[in-house]
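Enquirer: Below are the structure tokens for one structure; questions will follow.
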Amino acid sequence: MIRKQDAVRSTAALALSAALAAAGLAGCSEDSPLSSPPEQFGYVLTSDLVTSNAGTAVGVATDAAKISARLYPGAFIAGPRGQNLPNGDLVTAKPAPGNPRQVDYTINEKATYSDSKPVVCDDFLLSLQASSRPDLFGSDMPLFGQVEKIDCAAGAKQFSVHFADKRGERYRELFGPGTVLPSHTVAEKAGVEDVVSAVDTKDEQALTELGKAWQDVFTFSKTDPSQVPTSGPYKISARKDDGSLKLEKNPEWSGVEPAQSPVYLWPQGADVKKLGEHNQLSVVDTNRGAGETPGKVAEELGLNGDEFRVVESNSERVDTLRVSDLGPLQNPDSRKALNACIDREAIAKAVEEETGAAVQPTGLRVVGSEHPLRGYLDDINDRNIKVNVDEARSQLNGMTIRVGFLDSVPRYKKIVDALKSQCAEAGVNIEPVPRSADDYGLLGVDYDVALDTRSANGRNSAVNATPGAGLKEIRGAETALADDAMTLPLVTEPRTILAEVHAANVLDSSSDTGVSWNMDRWVESDEPVATGRASDEGNDGAEGTSASESPAAPEDEEPSK
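Under the UniProt record's numbering, the sequence shown has 136 at position 136, and the numbering climbs by one with no breaks.
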């Protein structure tokens, strides 16, 4: 589609081409309009495009959920208002009558991978197995810690998930995007005949091979992604040498067809200015600050500020330290002591200097900074972010703590440098451990603490509370998580989303999928779209949820001061 603001430009280009041809000069001009690349619907992400497996630690670190949101949609889809939207195209989940610890799942009979193989319970069972063996699978899916077992017969379309005692309320957060993957493809790569049998019999050799394959099959540098089947509305049809991906309609998809196909995904570091000049750019997810001037970020990226709008961010993600319970921080007191030497205000300033984005210090793990109950948690937040060098020194003086982080994220280095300086006052040596996506390492082995960015969705497995819970439950959960200190939240994620003015239905979610949650509803409109929707009646993908919205503040309580 030729965008209206480019119509004059295109007409002039054709006229120039004709003039050049008449003069016999068309073949001599390197800048000839005839040599311009075709228009594309392009989407630039904030990280390198590494894997479509969002269940691995490196997948979490590189935001694989943004890639796989509509390649491998989850059982529920986190929407723009914090909802969990049931994904009936994949599976239906219902709590068992009279048994709050059991949830019964029925896979859609039409749910099929792009290689024509059916989605079966083996795929879900493999997710649980992967979560329980990070040593073999390199996994990071903590909420599965609430699950005791899955009843699954090989090849079945029905299965049941059994939760541990007093667990099960958060079943909507299980089997998230990029975690329910084609077990038949993994098994073929691993040379394992029966995934269910290997899991049930705890066949260590088979599990070892499955773990390696579960990572390698979905890593773009190790396996051609165009040969890997997907279950969602899109499949990857090509990967170029520059790291970009071409997504096209999955021919086996039985749901509503994608509104836009193909969609091109570009990694961080892509030449945004050049893509914009060639009309190959529709959505940009960036860690830069938006500023007070409309168009500021677009212009900093070399784009025309009048041709891109800022999309409202609903992100509740936080730059977080994830702590291993092995090594120097085995007990809660040592983990809380590490927390005590952290000056989050100083970290926020360092991040703002790096990105231009104003971020907020936070000590909360369940709710985000814009949550309606946030004002009722000030006392807990203030307690969690209080600096106490003496407490840190009493527990950790003379200790070395290794902090691992993805080296392709510039602000992570700034954060770790700040931690090193701050904790040195308490006699603690913070050792930076930068890692590449190709060699990300393992928490508890290669480093003691991992720095990454995450939402609360699918995390904090020690509690039942979600952002949709009541104040009492949220306060209890925040207190319990702070006492355990397995994660140390630092500052909110710096982020700005740009959309070309004709790109409609580009809406952010509060989860790790970001704007990708409804990528198949994106569409290029004939007219500029001011609000982000094609029309007030247009389907942006946010309908159909029975999940509760975030609660309003209770009337009988005042926010803590």
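Glycine is no exception: its CB is placed at the ideal position from the N, C-alpha and C atoms.
What are the start and end residues of each continuous beta strand (DSSP E) run of 3 or more residues lying completely inside the region 444 to 506, in chain order?
Expert: 449 to 454, 487 to 492 and 496 to 500
Enquirer: By the DSSP assignment, the alpha helix (DSSP H) with Glu39 in it spans what residues?
Expert: Glu39 -> no alpha helix (DSSP H), and no H or E assigned at all.
Enquirer: Please report the distance separating the alpha-carbon of Ala153 from that of Gly327.
Expert: 39 Å
Enquirer: Mind checking Pro80: buried by the 16 CB within 10 Å criterion, or exposed?
Expert: buried
Enquirer: Would you report the Cα separation of Lys386 and Ala482, rounded to the nearest angstrom?
Expert: 12 Å
Enquirer: Please name the residue in Val433, Ala213 and Lys166 whose C-alpha comes closest to that of Arg402.
Expert: Val433
Enquirer: Answer yes or no: do Gln395 and Thr46 have a C-beta to C-beta separation smaller than 8 Å?
Expert: Going by C-beta atoms, Gln395 is not nearer than 8 Å to Thr46.
Enquirer: Beta-carbon within less than 7 Å of Glu110's beta-carbon, same chain only, minus the 5 sequence neighbours each way: which residues are those?
Expert: The question names Glu, but residue 110 is Lys in the sequence shown. Excluding residues within five positions, the ones whose Cβ falls inside 7 Å are Ser254.
Enquirer: Quick test of the definition: if touching needs 3 or more C-beta pairs under 8 Å, does the region 56 to 65 touch the region 433 to 450?
Expert: yes
Enquirer: Mind checking Val256: buried by the 16 CB within 10 Å criterion, or exposed?
Expert: Taking all protein chains shown into account, Val256 has fewer than 16 neighbouring C-beta atoms within 10 Å of its C-beta and is therefore exposed.
Enquirer: When you compare only the Cα positions, how much space is there between Cys341 and Asp382?
Expert: 14 Å
Enquirer: Taking 8 Å as the threshold (C-beta atoms), are Leu275 and Gly476 in contact?
Expert: no
Enquirer: Thinking C-alpha only, which one of Gly176, Val311 and Val103 is nearest Thr148?
Expert: The residue you asked about is not Thr; residue 148 is Glu in the sequence shown. Residue Val103 is the option with its Cα nearest to Glu148.
Enquirer: Taking C-alpha atoms, which residue in Ala259, His162, Glu193 and Glu252 lies nearest to Asp115?
Expert: When each option's Cα is compared against that of Asp115, the closest is Glu252.
Enquirer: Report yes or no: is there a C-beta of chain C within less than 8 Å of the C-beta of Val217?
Expert: Going by chain labels, chain C is absent from the structure shown, which holds only one protein chain.
Enquirer: Going straight from the alpha carbon of Arg521 to that of Val60, what length do you get?
Expert: 24 Å
Enquirer: Residues in the same chain with beta-carbon distance under 8 Å from residue 620, minus the five sequence neighbours each way, listed in chain order, please.
Expert: Residue 620 is absent from the model: the chain starts at 1 and stops at 561.
Enquirer: So, at 6 Å on beta carbons, what are the nonlocal neighbours of Val366 in its own chain, with the 5 sequence-adjacent residues on each side left out?
Expert: Ala456, Ala465, Ile474, Ala477 and Glu478
Enquirer: Counting C-beta neighbours from all protein chains within 10 Å, is the total for residue 569 16 or more, i.e. buried, or is it exposed?
Expert: Residue coverage of the chain in this structure runs from 1 to 561, which leaves residue 569 outside it and unanswerable.
Enquirer: Can you grab the Cα-Cα spacing for the pair Asp508 / Ser313, in whole Å?
Expert: 6 Å
Enquirer: In chain order, what residues of the same chain have a beta carbon less than 7 Å from the beta carbon of Ala265, not counting five sequence neighbours either side?
Expert: The residue you asked about is not Ala; residue 265 is Leu in the sequence shown. Within the same chain, Tyr43, Leu45, Leu49, Ile67, Ser244, Leu245 and Leu247 come within 7 Å of Leu265 by CB-CB distance, once the 5 residues on both sides are set aside.
Enquirer: Pull up the CB-CB distance for Glu362 and Val318, whole angstroms please, since I reckon it's below 8 Å.
Expert: Reading off the sequence shown, one finds Thr at residue 362, where the question assumed Glu. Contact check for Thr362 and Val318: beta-carbon distance about 6 Å, within the 8 Å limit, so the pair qualifies.
Enquirer: Below 6 Å CB to CB, which residues in the same chain sit around Thr320 once its five sequence neighbours on both sides are set aside?
Expert: Arg454, Thr487 and Pro489
Enquirer: So, are the CB atoms of Thr106 and Gln146 less than 8 Å apart?
Expert: no
Enquirer: For the candidate residues Met519, Gln215, Arg495 and Ile497, whose alpha-carbon lies nearest to that of Asn505?
Expert: Met519
Enquirer: Taking its Cβ as the centre, do 16 or more other Cβ atoms sit within 10 Å of Ala187, making it buried, or is it exposed?
Expert: buried
Enquirer: Would you check if the distance between the CB atom of Thr492 and the CB atom of Thr286 is smaller than 8 Å?
Expert: no
Enquirer: Within 10 Å of its beta-carbon, does Ala259 have 16 or more other beta-carbons around it, so buried, or fewer, so exposed?
Expert: buried
Enquirer: Compute the beta-carbon to beta-carbon distance between Ala418 and Ala350, rounded to the nearest angstrom, for a pair I have assumed lies under 8 Å.
Expert: 5 Å between Cβ atoms; contact.
Enquirer: May I ask you to verify whether the region 210 to 228 touches the region 175 to 191, counting CB pairs closer than 8 Å and requiring at least 3?
Expert: yes
Enquirer: Could you check what DSSP says for Val50 in three-state terms: helix, strand or coil?
Expert: Under the three-state reduction of DSSP output, Val50 falls in the coil class, being neither helix nor strand.
Enquirer: According to DSSP, is Arg161 part of a helix, a strand, or is it coil?
Expert: Going by the sequence as given, residue 161 is Val instead of Arg. Note: Val161 maps to strand in three-state DSSP.
Enquirer: Quick one: what's got a C-beta closer than 6 Å to Ala426's C-beta in the same chain, skipping five residues either side?
Expert: Counting only residues of its own chain and dropping the five nearest sequence neighbours on each side, Ala426 has a CB closer than 6 Å to the CB of Cys341, Val389, Ala392 and Arg393.
Enquirer: In chain order, which continuous runs of the beta strand (DSSP E) of length 3 or greater are located wholly inside the region 216 to 252?
Expert: 234 to 239 and 245 to 249
Enquirer: Would you mind giving the Cβ-Cβ distance between Asp512 and Ala65, rounded to the nearest angstrom? I have them listed as a contact below 8 Å.
Expert: 4 Å
Enquirer: Buried or exposed: which applies to Ala534, given that a residue is buried once 16 or more other Cβ atoms fall within 10 Å of its Cβ?
Expert: Reliability of the predicted coordinates at Ala534 is poor, the pLDDT of 42 falling under 50, and no value is obtained from them.
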